[in-house]
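Engineer: Below you'll find the structure I mean.
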Amino acid sequence: MAAPARSAEAEARLAGLQLPQSGAWLHLARGAAVSRLRAMGLPVKRDEYWKYTDPTPLTVAAVPVAQVIPGETEGFDGIDCLRLVFVDGVFDAAASDNPALAGVEISRLAEAATQDIHWAHEVYGVLEARGQTPVARPLAALNSALATDGVLIRVVGKVSKPVALVYHQTSTASDAILHHCVKVEDGAELTLLESGPAGARSNTVMEVQVADGAAFHHVRTQGRDHERRTLTHVFARMGNASRFKSFTLTANGALTRNEVVLELIGADGVAHVAGAALGNGMFHHDDTVFITHQGTGCESRQVFKKVLRNGATGVFQGKILVKQSAQKTDGYQISQSLLLDDDSQFLCKPELEIYADDVKCSHGSTSGAIDDTALFYLRSRGVPEREAQSLLVLAFLAEAIAEIDDATIAEAIQARLESWLAAGAH
Amino acid sequence: MLEIKNLHVKLEEEDKVILKGVNLTVETGKVHAIMGPNGSGKSTLSYVLSGRDGYTVTAGSAKLDGQELLEMEPEARAAAGLFLAFQYPVEIPGVGNMTFLRTAVNAQRKARGEEEMSAGEFLKVIREQAKTLKIDADMLKRPVNVGFSGGEKKRNEILQMAMLEPKMCILDETDSGLDVDAMKLVAEGVNALRSEGRSFLVITHYQRLLDHIKPDVVHIMADGRIVKTGGPELALEVENNGYADILAEVL
Ligand SMILES: Nc1ncnc2c1ncn2[C@@H]1O[C@H](COP(=O)(O)OP(=O)(O)OP(=O)(O)O)[C@@H](O)[C@H]1O
Ligand SMILES: [Mg+2]
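Quick note, the sequences are listed as chains A and B, same order. Numbered as in my numbering, the first sequence ends at 1678 without a single skipped number. Numbered as in my numbering, the second sequence ends at 405 without a single skipped number.
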């Protein structure tokens, strides 16, 4: 039950925003999302799910100012991909590539009103609504209600190159609410990249339906925009023998919360979610993952690594729910932090809830300092202290980066990470 | 030339004195050996020379070719030509052996203002060196020392030494844990590196290594000091009679 004060906040937030003009189906979906939001109210710090992260900067009507970082190169510079550019949360057709690409249909959400995109009816707001139980995610409902733009991507074959969502921030007060829907049809395969700051504050929802035998790869970078307040949700629903892989590289950011809500519905699905984060100073990074095993014989794997210093905070909330039907589940979860000084902290809440009897589930969490003996060994071979520390940081993050399947993309991520380390981002 | 004068060292954290006035000079191009009972301070000496944290130098100096080592960062000592083969080589999960060595070689070259080694050249040299030490390609790719057997770790130390081409090599019990063949291999590796411009300080408990690596001078360390210095025959004396006689004589 939502406390009256929270509903009042939700009303205040809704009052300040206009429900975008949409076609009939989208209008209905948005209306339903508004009702969900009204019923839940906005999240507050005393909510159990927001215990470690204060949602206020994400819920207040006035956007907290965020300076624009000039001259940052795009996250996947040099990788051949189809670029779709969003500036402060609005699609920029002129800056984007022609979205015609074999095996994939791409439409812009803001234009979905005039095109009746049938498949999206079963995805838009639908996966998000499913993700509201057992834990409420009001800001995702807010997103479904008020999203100003986004893309609808249907994949019917093997796409020759990745699709990249490239975000640019030009305003210090932009409030980007982006909503993307992806449907990967039977046996199809897509790699989706995301990079850059979507806005001064951003709320991004991605709903992904992965059909039988289909594969979805997702690699994302969240860069050095120090004052960013970002909330992302990925809702995924997976069919038989489907594959889902998501990796996120994060550096800095005043507030970043990445939620992944994933349901393994069919049998023999494989879902991996990984993240590597570097936080220095004013940094609060929260990975919140909820994986539900429903089908039999599925594998899920979570690998989250954070390197923290100068008062940075890392949060991990990860849950594996294994339903009674999900026999032969293989669930693995590891969350680790490397604390480079005594000022930083790592808050961790791993959870396993298992109703099936024939399952293999494990989780682990550690928090530790850099290995002084290893550091000395490296230095005794002539490697300067900073460089030696970077090598050890990279080594610590390697298990997460190894979750990226595509070698070229993994190299790009590695290079970006190395350049951030060289620039002192950690 | 390495010149250690009146070196006094205590532990940083507690008032325990370990080195109590070490005097030792290793001339350029020479091989010196240090023997001595367990706990006499041999490893401490090698750590202090290479700049490990946790020790406080209360007196004395250690100069390499006139440069005061004790004031330098560990990486600067390495660039100046000092190398320590660890008694217990360190495992570094996640850092590839090859990456590690290339980073080290080029960091030292950079520090000395020399040109960095290209990837191709490095690969060629390391393959050759690895072959002579019977280190297979797989070991080069694996993380530093992770899952290596005791003997493999020691051979890996010698490989690093060969790649880094130091002027002053300190070998801390590189023979321990080696089988007879591996010991010959390591000794051959060391002998191949012996040259006019390179000195060695070989810490060992056994004469056996010194059969292969013939030392010019042998020192006995006890209770934080060099208590006796002699020729190769001193090592034989220790091998036959232990330390009792020597210690009785000097105390
Ligand atoms: N960090 C430390 N903390 C406590 N004691 C130490 C430390 N380092 C060295 N010591 C002590 O100093 C003395 C000398 O140790 P060191 O390792 O130098 O001996 P060693 O001559 O190399 O012996 P071994 O032949 O057994 O290798 C020992 O008594 C050891 O316990
Ligand atoms: Mg020792």
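Backbone N, C-alpha and C define an ideal beta-carbon position, used for all residues, glycine too.
Quick one: which chain B residues come within Cβ less than 8 Å of A/ARG1631?
Structural biologist: For the purposes of this step, residue 1631 of chain A is taken as the residue at position 379 of the first sequence. Residues of chain B passing the Cβ test: GLY205, GLU227, PRO228, GLU229 and ALA232.
Engineer: What separation, rounded to the nearest whole angstrom, lies between the Cα atoms of A/THR1443 and A/ALA1626?
Structural biologist: In the first sequence, residue 1443 of chain A corresponds to position 191, counting from 1. In the first sequence, residue 1626 of chain A corresponds to position 374, counting from 1. Spanning the two alpha carbons is a distance of roughly 37 Å.
Engineer: To test your reading of the DSSP string, which unbroken beta strand (DSSP E) runs of 3 or more residues are found completely within the region 1570-1651 of chain A?
Structural biologist: With a minimum length of 3 residues, the continuous beta strand (DSSP E) runs that stay inside the region 1570-1651 of chain A are 1582-1591, 1597-1606 and 1612-1620.
Engineer: Report all residues from its chain with a CB closer than 7 Å to the CB of A/PHE1598; omit the five preceding and five following residues, and keep chain order.
Structural biologist: The sequence position of residue 1598 of chain A within the first sequence is 346, counting from 1. Leaving aside the five residues that flank A/PHE1598 on each side, the residues in its chain whose CB is nearer than 7 Å to its CB run, in chain order, LYS1558, LEU1560, GLY1566, SER1589, LEU1591 and SER1619.
Engineer: Under the three-state reduction of DSSP, which class applies to A/ALA1452: helix, strand or coil?
Structural biologist: The sequence position of residue 1452 of chain A within the first sequence is 200, counting from 1. Looking at A/ALA1452 - three-state DSSP - the assignment turns out to be coil, as it is neither helix nor strand.
Engineer: Give me, in chain order, the residues of the same chain whose beta-carbon lies closer than 8 Å to that of B/ALA389; leave out the 5 immediate sequence neighbours on both sides.
Structural biologist: Walking along the second sequence from the start, residue 389 of chain B turns up at place 235. Taken in chain order, the residues that qualify are ALA187, MET189, GLN361, LEU364, PRO369 and VAL372.
Engineer: If we define contact as Cβ-Cβ less than 9 Å, is A/GLU1655 a contact residue for chain B?
Structural biologist: Translated into positions along the first sequence, residue 1655 of chain A becomes position 403. Output row for A/GLU1655: interface = no.
Engineer: Is DSSP giving A/PHE1535 helix, strand or coil here?
Structural biologist: Indexing the first sequence from 1 puts residue 1535 of chain A at position 283. The answer is coil: DSSP assigns A/PHE1535 none of H, G, I, E or B.
Engineer: Curious, which full-length alpha helix (DSSP H) runs of at least 4 residues does the region 216-242 of chain B contain?
Structural biologist: 228-233
Engineer: So A/ASN1510 is in the beta strand (DSSP E); what residue range does that whole segment cover?
Structural biologist: Position 258 of the first sequence, counting from 1, holds the residue named residue 1510 of chain A. Where A/ASN1510 is concerned, the enclosing beta strand (DSSP E) stretches over 1507-1516.
Engineer: Which residues neighbour ligand 4 when neighbourhood means a C-beta less than 5 Å away from any of its non-hydrogen atoms? List them by chain order.
Structural biologist: Judged by which ligands are present, ligand 4 is missing from the structure shown, whose ligands are ligand 1 and ligand 2.
Engineer: From the DSSP secondary-structure annotation, give me the bridge partner or partners of A/MET1458.
Structural biologist: Looking up residue 1458 of chain A in the first sequence gives position 206. Note: A/MET1458 sits in a beta bridge opposite A/HIS1432 and A/VAL1486.
Engineer: Which residue wins for smallest C-alpha separation from B/TYR397, given the options B/ILE374, B/PHE240 and B/PHE302?
Structural biologist: Within the second sequence, numbered from 1, the residue matching residue 397 of chain B stands at position 243. For B/TYR397, the nearest C-alpha among the options comes from B/ILE374.
Engineer: With DSSP as the reference, label A/ALA1254 as helix, strand or coil.
Structural biologist: Counted from its first residue, the first sequence places residue 1254 of chain A at position 2. At A/ALA1254, the pLDDT of 44 sits below 50, so the modelled position is not reliable; the number obtained from the coordinates is stated separately. In the structure shown, A/ALA1254 sits in coil (DSSP, three-state: anything other than H, G, I, E or B).
Engineer: Can you look up A/ALA1372 in the DSSP assignment and give me helix, strand or coil?
Structural biologist: The residue you call residue 1372 of chain A lines up with position 120 of the first sequence. Note: A/ALA1372 maps to helix in three-state DSSP.
Engineer: Applying the criterion that 16 or more other CB atoms from any shown protein chain within 10 Å of the CB defines a buried residue, is B/THR212 buried or exposed?
Structural biologist: What you label residue 212 of chain B is simply residue 58 of the second sequence in a count that begins at 1. Around the beta carbon of B/THR212, fewer than 16 other beta carbons lie within 10 angstroms, which makes this residue exposed.
Engineer: 9 Å is my cut-off, CB to CB: does A/THR1473 come that close to chain B?
Structural biologist: Taking the first sequence and counting its residues from 1, one reaches residue 1473 of chain A at position 221. No, A/THR1473 does not count as interfacial toward chain B.
Engineer: Between the beta-carbon of B/LYS184 and the beta-carbon of B/PHE354, is there less than 9 Å?
Structural biologist: The residue given as residue 184 of chain B occupies position 30 in the second sequence. The residue given as residue 354 of chain B occupies position 200 in the second sequence. Yes, the Cβ-Cβ distance between B/LYS184 and B/PHE354 is below 9 Å.
Engineer: Could you check whether the region 1487-1500 of chain A touches the region 1374-1384 of chain A, counting it as contact only if at least three pairs of C-beta atoms, one from each stretch, sit closer than 8 Å?
Structural biologist: yes
Engineer: For A/LEU1673, count neighbouring C-beta atoms within 10 Å of its own C-beta (all shown protein chains included) and say buried if the count is 16 or more, exposed if not.
Structural biologist: As a working mapping, residue 1673 of chain A is identified with position 421 in the first sequence. Buried: at least 16 other Cβ atoms inside 10 Å.
Engineer: Under DSSP, the alpha helix (DSSP H) around B/GLU319 begins and ends at which residues?
Structural biologist: Translated into the one-based positions of the second sequence, residue 319 of chain B becomes position 165. Looking at the DSSP string, B/GLU319 is not in any alpha helix (DSSP H), and its letter there is neither H nor E.
Engineer: Going by C-alpha to C-alpha distance, which of A/ALA1416, A/ALA1347 and A/ASP1610 sits closest to A/ASP1332?
Structural biologist: Translated into positions along the first sequence, residue 1332 of chain A becomes position 80. That would be A/ALA1416, whose Cα lies nearest to the Cα of A/ASP1332.
Engineer: State the DSSP-derived secondary structure class of B/PRO297, mapped to helix, strand or coil.
Structural biologist: Translated into positions along the second sequence, residue 297 of chain B becomes position 143. Strand.
Engineer: Would A/ALA1640 count as contacting chain B if we go by Cβ distances under 9 Å?
Structural biologist: Looking up residue 1640 of chain A in the first sequence gives position 388. By this cut-off, A/ALA1640 is an interface position.
Engineer: What residue range is occupied by the uninterrupted beta strand (DSSP E) comprising B/HIS186?
Structural biologist: One-based indexing of the second sequence puts residue 186 of chain B at position 32. Unbroken beta strand (DSSP E) run through B/HIS186: 185-189.
Engineer: Distance check for A/ARG1633 and A/HIS1536, CA to CA, integer angstroms please.
Structural biologist: If you number the first sequence from 1, residue 1536 of chain A lands on position 284. If you number the first sequence from 1, residue 1633 of chain A lands on position 381. Whole-angstrom Cα-Cα distance: 35 Å.
Engineer: Cα separation between A/LEU1514 and A/ALA1526?
Structural biologist: Within the first sequence, the letter at position 262 stands for residue 1514 of chain A. Within the first sequence, the letter at position 274 stands for residue 1526 of chain A. So the two alpha carbons sit approximately 13 Å from each other.
Engineer: CA-CA distance, A/GLN1546 and A/ALA1291?
Structural biologist: Position 294 of the first sequence, counting from 1, holds the residue named residue 1546 of chain A. Position 39 of the first sequence, counting from 1, holds the residue named residue 1291 of chain A. Looking at the backbone, the Cα of A/GLN1546 and that of A/ALA1291 are separated by about 27 Å.
Engineer: List the endpoints of the continuous beta strand (DSSP E) containing A/ALA1503.
Structural biologist: Counting from 1 along the first sequence, the entry for residue 1503 of chain A is found at position 251. Where A/ALA1503 is concerned, the enclosing beta strand (DSSP E) stretches over 1495-1503.
Engineer: Residue range of the beta strand (DSSP E) that B/PHE354 falls in?
Structural biologist: Here residue 354 of chain B refers to the residue found at position 200 when the second sequence is read from its first residue. From DSSP, the beta strand (DSSP E) with B/PHE354 extends over 353-357.
Engineer: Please classify A/GLN1421 as buried or exposed, where buried requires at least 16 neighbouring CB atoms within 10 angstroms.
Structural biologist: On the first sequence, residue 1421 of chain A is found 169 positions in, with the first residue counted as 1. With 16 or more Cβ atoms within 10 Å of its Cβ, A/GLN1421 is classed as buried.
Engineer: According to the neighbour-count rule (16 or more other Cβ atoms, all chains shown, within 10 Å of its Cβ), is A/VAL1317 buried or exposed?
Structural biologist: Reading the first sequence from its first residue, position 65 is the one you call residue 1317 of chain A. With fewer than 16 Cβ atoms within 10 Å of its Cβ, A/VAL1317 is classed as exposed.
Engineer: Go ahead and label B/PRO228 buried or exposed: buried means 16 or more other beta carbons lie within 10 angstroms of its beta carbon, across all protein chains shown.
Structural biologist: On the second sequence, position 74 is the one that residue 228 of chain B refers to. Classification for B/PRO228: buried.
Engineer: Taking a Cβ distance cut-off of 8 Å, strictly less, list which residues of the region 326-353 of chain B are near chain A, in chain order.
Structural biologist: none
Engineer: Over the uninterrupted beta strand (DSSP E) stretch that includes B/VAL249, give me the two end residues.
Structural biologist: Position 95 of the second sequence, counting from 1, holds the residue named residue 249 of chain B. First-last of the beta strand (DSSP E) with B/VAL249: 246-250.
Engineer: Just verifying my parser: in three-state terms, what is the DSSP assignment at A/LYS1303?
Structural biologist: For the purposes of this step, residue 1303 of chain A is taken as the residue at position 51 of the first sequence. Reduced to three states, the DSSP call for A/LYS1303 is coil.
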